[in-house]
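> Residue 161 in this note's numbering sits at position 154 of the sequence shown, and the numbers go up by one each step. Please find one structure pasted underneath; my questions will follow.
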Amino acid sequence: MSVALLSVAAVALDALLGEPKRWHPLVAFGNFAGRIEQRFNSAGRGWRSHGVTAWVIAVLPLTLLATAFSWAPYVGWVVEILALYCALGMRSLGEHVEPVAKALRADDLEEARKRVGYLVSRQTDELDSTAVARAATESVLENGSDAVFAALFWFAVAGAPGVVLYRLSNTLDAMWGYRNERFERFGWAAAKIDDVLNYIPARLVALTYALLGKTRLALKCWRTQAPKWDSPNAGPVMAAGAGALGVELGGPAIYHGELHERPQLGEGAPADADSIDRGWQLVQRGVWLWLLILCVGAEFYA
């Protein structure tokens, strides 16, 4: 079965079922990674070499296992679909961002703050409605790249092994890739590997957002604003996405009690409930475009 058909099947499965409710492989992996971190980074004393060793122990055996199962006769294609399905978070992303927009439309700021707190790591208890909408729109653009498009990219490149390697690495970055006293050294490898794996997908996503929105403005924001962002991959994605939507994102935000003066992203109207919805629709349209390209490519090379 072609990569295109496998990808369509996995996306359809995600749309139909959403994330596994009772037992999610990534939750189990997160628990496993937590125990590894306790072993190699006790009290934050781990060095970069410990972080590299921990990454290898956490990621490579499971990637090799996915490789072996995906090569199995008769059932390999099932393993491929399930691997991508478990790596995707498209329906889950929508289920998290839509209640934020709904609460903002109902003028329920407390509920909106609570809901956006499930999506972002910044402090949300004092955000006004514009800041809540800005946080949610940023999240849908960035998480669309990480949890949807990058998974599709690595599946297209290397099948189940590629998507498992990517998704586990991305999960470790989310757990270990912080620039604080505990993870500054130990989490270095997880953060850098995730940056490398997301480099090409992030720029393809930025181009996708630009093509499906206000193209000239998106490309301008990507070129002028992304280099100022502290993340080499989130910068292009969110700058191009904000430009495509014609909305103003970025700006100051409080993380773990500390104010971060972030540069402006995008250009246009302040963020609101509509910008959240339009960001989510942008991600959805982008996924269908990628699937169409995969299908056309598969037919062309058949």
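Think of the CB as a built atom: it goes at the ideal place given N, C-alpha and C, for glycine as much as any other residue. As the structure is a computational prediction, the values presented were derived from the model and not from experiment.
Nearest CA to the CA of Arg112: which residue from Ser282, Arg292 and Val294?
By 1-based counting over the sequence shown, the position of residue 112 is 105. Cα-wise, what sits closest to Arg112 is Ser282.
> Identify, in the order they occur along the chain, each residue of the same chain with its Cβ nearer than 7 Å to the Cβ of Arg122, setting aside the five sequence neighbours on each side.
Translated into positions along the sequence shown, residue 122 becomes position 115. The residues are Pro106, Val107 and Ala110.
> Taking only the alpha-carbon atoms, compute the straight-line gap between Leu33 and Gly41 and give it to the nearest angstrom.
Residue numbering aside, residue 33 sits at position 26 when the sequence shown is read from its first letter. Residue numbering aside, residue 41 sits at position 34 when the sequence shown is read from its first letter. Answer to the nearest angstrom: the Cα atoms are 12 Å apart.
> What beta strand (DSSP E) runs, 3 residues minimum, are completely inside the segment 265-306?
Taking only runs of at least 3 residues, the beta strand (DSSP E) segments lying wholly in the segment 265-306 are 265-267 and 271-273.
> From this set, Arg269, Leu252 and Pro243, which residue's C-alpha is nearest Ala260's C-alpha?
Counted from its first residue, the sequence shown places residue 260 at position 253. Ala260 has its Cα closest to that of Arg269, out of Arg269, Leu252 and Pro243.
> Return the Cβ separation of Ala140 and Ala280 in integer angstroms, given the expectation that the two are a contact with Cβ distance under 8 Å.
Sequence index remark: in the sequence shown, residue 140 carries index 133 (1-based). Sequence index remark: in the sequence shown, residue 280 carries index 273 (1-based). Indeed they touch by this definition, with Cβ atoms about 6 Å apart.
> Just confirm the distance between the C-beta atoms of Tyr262 and Ser128, as a whole number of angstroms; I'd bet it's less than 8 Å.
Taking the first residue of the sequence shown as 1, we reach residue 262 at position 255. Taking the first residue of the sequence shown as 1, we reach residue 128 at position 121. Yes, they are in contact, since the Cβ atoms of Tyr262 and Ser128 sit about 6 Å apart, within 8 Å.
> Determine the direct distance from the alpha carbon of Ala251 to that of Leu218, and round the result to whole angstroms.
Here residue 218 refers to the residue found at position 211 when the sequence shown is read from its first residue. Here residue 251 refers to the residue found at position 244 when the sequence shown is read from its first residue. Cα to Cα, the separation comes out at about 8 Å.
> Any heavy atom of the ligand COA within a distance shorter than 6 Å of the CB on Ala75?
Absent from the structure shown: the ligand COA. Ligands present: none.
> For Tyr206, which residues in the same chain have their Cβ closer than 6 Å to its Cβ, ignoring the five residues on either side in sequence?
To locate residue 206, count along the sequence shown from 1; it is residue 199. Correct list: empty, nothing qualifies.
> At a cut of 8 Å, does the segment 183-202 reach the segment 49-63 through at least three beta carbon pairs?
In short, these stretches touch, since the Cβ pair count reaches three.
> So, at 6 Å on beta carbons, what are the nonlocal neighbours of Met97 in its own chain, with the 5 sequence-adjacent residues on each side left out?
As a first step, residue 97 is located in the sequence shown; it is residue number 90 there, counting from the start. Taken in chain order, the residues that qualify are Asp21 and Val155.
> Just to check my reading of the structure: Ala11 and Leu95 have Cβ atoms closer than 8 Å, yes? What is that Cβ distance to the nearest angstrom?
Taking the sequence shown and counting its residues from 1, one reaches residue 11 at position 4. Taking the sequence shown and counting its residues from 1, one reaches residue 95 at position 88. That belief does not hold up - the Cβ atoms of Ala11 and Leu95 are roughly 15 Å apart, past 8 Å.
> State buried or exposed for Trp311, treating a residue as buried only when at least 16 other CB atoms are found within 10 Å of its CB.
Outside the shown range of the chain, which is 8 to 309, sits residue 311, and nothing can be said about it.
> Looking only at its own chain, which residues have a Cβ that is under 7 Å from the Cβ of Trp62, when we skip the five neighbours before and after it?
If you number the sequence shown from 1, residue 62 lands on position 55. These residues qualify, in order along the chain: Leu179, Ala196, Ala197 and Ile200.
> Can a CB atom of chain C be found closer than 7 Å to the CB of Glu105?
Of the chains in the structure shown, none is chain C; there is only one protein chain.
> Just reading off the alpha helix (DSSP H) that Val254 is part of, what are its end residues?
Position 247 of the sequence shown, counted from the first residue, corresponds to residue 254. No alpha helix (DSSP H) holds Val254; the beta strand (DSSP E) holding it covers Val254 to Gly257.
> Nearest by alpha-carbon distance to Trp229: which of Asn187, Gly25, Gly220 and Met245 is it?
Along the sequence shown, read from residue 1 onward, the residue named residue 229 stands at position 222. It is Met245 whose Cα lies nearest to the Cα of Trp229.
> Leaving out the 5 sequence neighbours to the left and right, which residues in its chain are closer than 6 Å to Val212 when beta-carbon positions are compared?
Here residue 212 is taken as the residue at index 205 of the sequence shown, counted from 1. Counting only Cβ-Cβ distances below 6 Å, and skipping sequence neighbours, we find Ser152, Phe156 and Val244.
> What is the DSSP secondary structure of Ala249, reduced to helix, strand or coil?
Within the sequence shown, residue 249 is the residue found at index 242, counting from 1. If DSSP states are grouped into helix, strand and coil, Ala249 belongs with the helices.
> Can you tell me whether Arg52 is helix, strand or coil according to DSSP?
As a position in the sequence shown, residue 52 is number 45, starting the count at 1. Correct three-state label for Arg52: coil.
> Report back the beta-carbon spacing between Ala278 and Thr131 to the nearest angstrom; my notes put them in contact at under 8 Å.
Sequence index remark: in the sequence shown, residue 278 carries index 271 (1-based). Sequence index remark: in the sequence shown, residue 131 carries index 124 (1-based). Not a contact, Cβ separation roughly 14 Å.
> Quick check on this structure: which residue in Gln288, Asn240, Gly166 and Leu172 has the alpha carbon closest to the alpha carbon of Gly220?
Position 213 of the sequence shown, counted from the first residue, corresponds to residue 220. Closest option to Gly220, Cα to Cα, is Gln288.
> Skipping 5 residues on each side, what residues in its chain have a beta carbon closer than 7 Å to that of Glu265?
Stepping through the sequence shown from its first residue, residue 265 is reached at position 258. No residues qualify anywhere along the chain.
> Starting from Tyr260 and walking both ways along the beta strand (DSSP E), at which residues does that stretch end?
Along the sequence shown, read from residue 1 onward, the residue named residue 260 stands at position 253. It should be pointed out that residue 260 corresponds to Ala in this sequence rather than to Tyr. Here the beta strand (DSSP E) through Ala260 covers Ala260 to Tyr262.
> Hey, how far is the Cα of Gly242 from the Cα of Glu149?
Your numbering for residue 242 matches position 235 in the sequence shown. Your numbering for residue 149 matches position 142 in the sequence shown. If you take the alpha carbons of Gly242 and Glu149, they lie about 9 Å apart.
> According to DSSP, what are the bridge partners of Arg129?
By 1-based counting over the sequence shown, the position of residue 129 is 122. Answer is Tyr262.
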